[in-house]
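Take a look at the structure below.
There are 4 protein chains.
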Amino acid sequence: MSGSVETPLAVERPTPRRGRPRDDRLDAAIVDATVAEVGAKGWSGATIEGIAARAGVGRGTIYRRWPSKTDLFQYAAAAVTRPVQASDSGSFVEDLFAAILPIADLLTRPELAALLPSLLAEAANDPAIQQTLRAFVAQSRQQAIEAVERARRRGDIVQTTDAETLVDMLAGALVYRRLLLGEATDAAAVRALVRQAVQSCAMPTVTEENS
Amino acid sequence: MSGSVETPLAVERPTPRRGRPRDDRLDAAIVDATVAEVGAKGWSGATIEGIAARAGVGRGTIYRRWPSKTDLFQYAAAAVTRPVQASDSGSFVEDLFAAILPIADLLTRPELAALLPSLLAEAANDPAIQQTLRAFVAQSRQQAIEAVERARRRGDIVQTTDAETLVDMLAGALVYRRLLLGEATDAAAVRALVRQAVQSCAMPTVTEENS
Amino acid sequence: MSGSVETPLAVERPTPRRGRPRDDRLDAAIVDATVAEVGAKGWSGATIEGIAARAGVGRGTIYRRWPSKTDLFQYAAAAVTRPVQASDSGSFVEDLFAAILPIADLLTRPELAALLPSLLAEAANDPAIQQTLRAFVAQSRQQAIEAVERARRRGDIVQTTDAETLVDMLAGALVYRRLLLGEATDAAAVRALVRQAVQSCAMPTVTEENS
Amino acid sequence: MSGSVETPLAVERPTPRRGRPRDDRLDAAIVDATVAEVGAKGWSGATIEGIAARAGVGRGTIYRRWPSKTDLFQYAAAAVTRPVQASDSGSFVEDLFAAILPIADLLTRPELAALLPSLLAEAANDPAIQQTLRAFVAQSRQQAIEAVERARRRGDIVQTTDAETLVDMLAGALVYRRLLLGEATDAAAVRALVRQAVQSCAMPTVTEENS
DNA sequence: CGTTAACCGAGACGGTACGTCGTGTCTTCAC
DNA sequence: GTGAAGACACGACGTACCGTCTCGGTTAACG
Numbered sequence: 303m304s305g306s307v308e309t310p311l312a313v314e315r316p317t318p319r320r321g322r323p324r325d326d327r328l329d330a331a332i333v334d335a336t337v338a339e340v341g342a343k344g345w346s347g348a349t350i351e352g353i354a355a356r357a358g359v360g361r362g363t364i365y366r367r368w369p370s371k372t373d374l375f376q377y378a379a380a381a382v383t384r385p386v387q388a389s390d391s392g393s394f395v396e397d398l399f400a401a402i403l404p405i406a407d408l409l410t411r412p413e414l415a416a417l418l419p420s421l422l423a424e425a426a427n428d429p430a431i432q433q434t435l436r437a438f439v440a441q442s443r444q445q446a447i448e449a450v451e452r453a454r455r456r457g458d459i460v461q462t463t464d465a466e467t468l469v470d471m472l473a474g475a476l477v478y479r480r481l482l483l484g485e486a487t488d489a490a491a492v493r494a495l496v497r498q499a500v501q502s503c504a505m506p507t508v509t510e511e512n513s
Numbered sequence: 303m304s305g306s307v308e309t310p311l312a313v314e315r316p317t318p319r320r321g322r323p324r325d326d327r328l329d330a331a332i333v334d335a336t337v338a339e340v341g342a343k344g345w346s347g348a349t350i351e352g353i354a355a356r357a358g359v360g361r362g363t364i365y366r367r368w369p370s371k372t373d374l375f376q377y378a379a380a381a382v383t384r385p386v387q388a389s390d391s392g393s394f395v396e397d398l399f400a401a402i403l404p405i406a407d408l409l410t411r412p413e414l415a416a417l418l419p420s421l422l423a424e425a426a427n428d429p430a431i432q433q434t435l436r437a438f439v440a441q442s443r444q445q446a447i448e449a450v451e452r453a454r455r456r457g458d459i460v461q462t463t464d465a466e467t468l469v470d471m472l473a474g475a476l477v478y479r480r481l482l483l484g485e486a487t488d489a490a491a492v493r494a495l496v497r498q499a500v501q502s503c504a505m506p507t508v509t510e511e512n513s
Numbered sequence: 303m304s305g306s307v308e309t310p311l312a313v314e315r316p317t318p319r320r321g322r323p324r325d326d327r328l329d330a331a332i333v334d335a336t337v338a339e340v341g342a343k344g345w346s347g348a349t350i351e352g353i354a355a356r357a358g359v360g361r362g363t364i365y366r367r368w369p370s371k372t373d374l375f376q377y378a379a380a381a382v383t384r385p386v387q388a389s390d391s392g393s394f395v396e397d398l399f400a401a402i403l404p405i406a407d408l409l410t411r412p413e414l415a416a417l418l419p420s421l422l423a424e425a426a427n428d429p430a431i432q433q434t435l436r437a438f439v440a441q442s443r444q445q446a447i448e449a450v451e452r453a454r455r456r457g458d459i460v461q462t463t464d465a466e467t468l469v470d471m472l473a474g475a476l477v478y479r480r481l482l483l484g485e486a487t488d489a490a491a492v493r494a495l496v497r498q499a500v501q502s503c504a505m506p507t508v509t510e511e512n513s
Numbered sequence: 303m304s305g306s307v308e309t310p311l312a313v314e315r316p317t318p319r320r321g322r323p324r325d326d327r328l329d330a331a332i333v334d335a336t337v338a339e340v341g342a343k344g345w346s347g348a349t350i351e352g353i354a355a356r357a358g359v360g361r362g363t364i365y366r367r368w369p370s371k372t373d374l375f376q377y378a379a380a381a382v383t384r385p386v387q388a389s390d391s392g393s394f395v396e397d398l399f400a401a402i403l404p405i406a407d408l409l410t411r412p413e414l415a416a417l418l419p420s421l422l423a424e425a426a427n428d429p430a431i432q433q434t435l436r437a438f439v440a441q442s443r444q445q446a447i448e449a450v451e452r453a454r455r456r457g458d459i460v461q462t463t464d465a466e467t468l469v470d471m472l473a474g475a476l477v478y479r480r481l482l483l484g485e486a487t488d489a490a491a492v493r494a495l496v497r498q499a500v501q502s503c504a505m506p507t508v509t510e511e512n513s
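Residue numbers (my numbering), protein chains in the order written: chain A, 303 to 513; chain B, 303 to 513; chain C, 303 to 513; chain D, 303 to 513.
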């Protein structure tokens, strides 16, 4: 379980003064086991018993931390969809690449890619999971949009460019290839994708140089 | 039950001369009920009992046709992801629009859009469902790619355009908005999307006229 | 199917003028198959499908004759518990023996003995079956009682003898040995049983001769 | 739950230290409910769901203790057919009466009498149930036989008396009346029955006194 | 001799019980 | 109080049976 996920506190517990303290390492172990189990068997195929066995804990230990299977999943999903930091290198292509890369990363890292289909499915019927997913997506999307806006203000691209549409096409291509075509997109392919997309909005001179 | 789905034969039964024949209307009713139930409650939330009640049949009638809940879902998924016919209007934008529209349609029609998240989730763990999904996606994608290729041969767009990437961005934007942002994309928005994407590959003069 | 049971008409059918007539041989085949199936697997273990297969008929052919599994069983039970004719040889012991023998026979004939436990069990919860059973038992019991009464009127036995109790003890011993001890009682044993029972009511001189 | 049945351990569980212990009161509640349900509806009419509801437990709690409906019934049958202790009052008639009474009791106590027909039916097809039944019957029968043998050794009855036959007639009369005639036999009737039977073996002087 | 109608085998159909298994709660002992 | 273990109520799954129905095909009696 090397790629252990950094976990915030599962449940608010103000100051547990008396008795045996809770073993915080188990939180991470459970979340890791959840990601692995759901990735391997899907959400409906995964069982609490299986997650507990994978984490080496009892079922009660899981229920003490999260009220239900859904809550555990939601928490695990939030743990793997961690915010990404924006960058501003001055180069439009580099900025856009840096903004899109985290999305590609989410779709590429094995444990996350495995979780995503179940995450989408549950989000469709569970408002809490939907909210978790939306928050992450909106955050990464907003960073990419701002990178495009900065470029437009700098005059790197034509003024008619719709930043939202551009970003949706880029991120969408990644999602589409991953979920519907079953193909991974590595960093080089992401760069090629960004370059092609930039044609649609780059200034004429830049376009000629690229061709 | 107006939007009834056209159903191929559920199970290969060459010509069962003896005994009471199966009621083919029940096949359609069960598939419709499955799509509705899974759309409403998700795959894990749906129950065979609920599907049977919705279709007005007994549980045994479902199990006689499909060995398990998973098989039923696979079949229902295949029934809703029916091939679409290509078009060749001569206008590049129109062709591309026509090629992309079925994908948008899949994401927009209520019963299918509701099914898609569960379909993706199950596809990740069930090779048969995955195959069903991939076949449909590859077919619609291929039609769109061919529309772009025709345009390139006619000289409507620059020769360096990568048809696959262009189509993936268009279809991807639709999927991304639907699944991750939770937004529907109507026909007008699809047209706007296509127009913006075309900027990346249109011949210079055309580009100026559009701007 | 050698020991075929003589079957009265299963269902009253006044005068079926038109159409293919019912095959009466199937009635007997079905009843025989029922007795065999219930004897082999018990009432709850037997299935209509199994009975139909054993009789070489379709399930519908059974349901056309008897409305339910219970009705079929009741009919089969009535068919095997056929009335017995009384005898009056003049000798008390012989008369009593002749009156008891049918009861022993019922408990000894393989197909009937196998049916009896299920018959008793169903009789406890089904008034119709109970009535069938009671009628047969009462008939054979009455014949034995009358044999005893004749002997008393002739002065063969003491006047204080309670005929009912005597008969119940004789028949009861047979039932007890068969059902609770699992032992068969052959004709010789029945004769020994009758002889011992007669001691309780025979005239003193007879008793001394026997001892 | 007044007439609660004293239950031995349902399944051999040496000393399960870990985990929540089984609630032994539920064993008794389930057995009681089984006896009641089977008595009311017969074996085939009774359902696990109904037994569980009557006992106020979930179905799983029943299946955790007994692998199948048949096993539960076998266990319940063993629980109600509990050994009886012998008596030796010195009076032959009293001893015999005391030895026969438990058999009459089994046939008279409502919950047991209701169970008996199903018990007999299942015993015919299930060796384990048959063994349970046979053991109980043989035990009570042996006690009665020994009471007769003691009387013969004391000289209370004629030496030619066959103890087994005498007992079989007494017990058989009770069973016959109950199962085949549907009549209950109360204590007074049992006493009358014993007295009449004793005529067959009592010493002449005693016989004259009784008449 | 052709119509007609009931029969027969086969099997689909709605319904229901069985026995298994997973969820979420609880209760025990050990630490 | 925490943790492992497992009992508990509840409910879904997939199987099997019941009693009803609907097919194609057969078989007598009627016209």
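Glycine included, each C-beta is placed from N, C-alpha and C at the ideal position.
Alpha carbon to alpha carbon, what distance is there between B:GLU339 and B:TRP368? Distance between the alpha carbons of B:TRP368 and B:GLU339 is about 16 Å.
Within chain B, partners of A:ALA423 - CB distance below 7 Å: Going along chain B in sequence order, the residues near A:ALA423 (Cβ under 7 Å) are GLY344, TRP345, PRO419, SER420, LEU422 and ALA423.
Residue range of the alpha helix (DSSP H) that B:TRP345 falls in? 326–347
Closer than 7 Å at the beta carbon, the chain C residues around D:ASP407: In chain order: nothing, as chain C lies at least about 15 Å away.
Name the residue from B:ALA342, B:ASP329 and B:GLY344 whose alpha carbon lies nearest to the alpha carbon of B:ARG361. B:ASP329
Would you say B:LEU495 lies against chain A (beta-carbon separation less than 9 Å)? Taking 9 Å as the threshold, the shortest C-beta distance from B:LEU495 to chain A falls below it.
Local Cβ density within 10 Å of B:ALA449, reported as buried at 16 or more and exposed below that: The residue in question, B:ALA449, is buried, as its Cβ has 16 or more Cβ neighbours within 10 Å.
Counting only C-beta atoms, is C:ASP458 closer than 9 Å to chain D at any point? no
Could you give the distance in angstroms between the alpha-carbon of A:GLU413 and the alpha-carbon of A:PHE375? 13 Å
Sorted by chain position, which residues of the same chain lie with C-beta nearer than 8 Å to C:ARG456's C-beta, five sequence neighbours on each side aside? Correct list, in chain order: PHE394.
What are the residues in the segment 469–491 of chain B lying within 8 Å of chain A by C-beta distance? ASP470, MET471, LEU472, ALA473, GLY474, ALA475, LEU476, VAL477, TYR478, ARG479, LEU481, LEU482, LEU483 and GLY484
For the 8 Å Cβ check, are there 3 or more pairs between the segment 463–476 of chain C and the segment 485–502 of chain D? yes
How far does the alpha helix (DSSP H) with A:ALA416 in it extend, from its first residue to its last? 412–425
Could one say the Cβ of A:ALA416 lies closer than 9 Å to chain B's Cβ atoms, at least one of them? yes
Beta-bridge partners of D:ILE353, as assigned by DSSP: In DSSP, D:ILE353 forms no bridge with anything.
Across which residues does DSSP place C:ILE602 in a beta bridge pair? Past the boundaries of the shown model lies residue 602 of chain C; chain C is included only from 303 to 513, so the question cannot be answered.
Of all the CB atoms in chain A, is at least one closer than 9 Å to the CB of B:PRO310? With a pLDDT of 45 at B:PRO310, under the threshold of 50, the predicted position of this residue should be treated as unreliable, and no value is reported.
Spatial distance of C:GLY321 from C:VAL359 (CA atoms): Those two C-alpha atoms are separated by around 19 Å.
Give the straight-line distance between the Cα atoms of B:VAL460 and A:GLN444, rounded to the nearest whole angstrom. Between B:VAL460 and A:GLN444, the C-alpha separation is close to 31 Å.
If we define contact as Cβ-Cβ less than 9 Å, is A:ARG361 a contact residue for chain B? So no, A:ARG361 is outside the interface.
Contacting residues, own chain, Cβ-Cβ under 7 Å from A:ILE364 (five flanking each side not counted): ILE332, ILE350, ILE353, ALA354 and LEU374
Can you check whether the CB of A:ILE405 is closer than 9 Å to the CB of A:ALA490? no
Of the residues D:ARG324, D:LEU398, D:ALA380 and D:ALA440, which one's Cα is nearest the Cα of D:THR256? This structure cannot settle anything about residue 256 of chain D, because the visible part of chain D is limited to 303 through 513.
Assigned exposure category for A:GLU424 - 16 Cβ within 10 Å defines buried: buried
Taking buried to mean at least 16 other C-beta atoms within 10 Å of its own C-beta, is D:ALA494 buried or exposed? exposed
Per-residue contacts from D:ALA426 into chain C (C-beta, under 8 Å): For a Cβ distance threshold of 8 Å, residue set GLY344, ALA416, PRO419 and SER420 of chain C lies close to D:ALA426, ordered along the chain.
Find the residues of chain B that neighbour A:VAL439, judging by a C-beta separation of less than 7 Å, and give them in chain order. Neighbours of A:VAL439 on chain B, chain order: LEU482 and LEU483.
Of all the CB atoms in chain B, is at least one closer than 9 Å to the CB of A:LEU374? no
Under the three-state DSSP convention, the category C:THR363 falls into: helix
Just curious, the alpha helix (DSSP H) that A:THR487 is in, first and last residue? No alpha helix (DSSP H) holds A:THR487; DSSP gives it neither H nor E.
List, in chain order, every chain D residue whose beta-carbon is nearer than 7 Å to that of C:ARG436. GLY484
Take D:VAL492 and list the residues in its own chain whose beta-carbon comes closer than 8 Å to its own, dropping the five residues that flank it on each side. PHE399, ILE402, LEU403, ALA406 and LEU476
Quick one: residues in its chain with C-beta nearer than 8 Å to the C-beta of D:PRO419, no 5 flanking neighbours on either side, listed in chain order? GLY344 and LEU481
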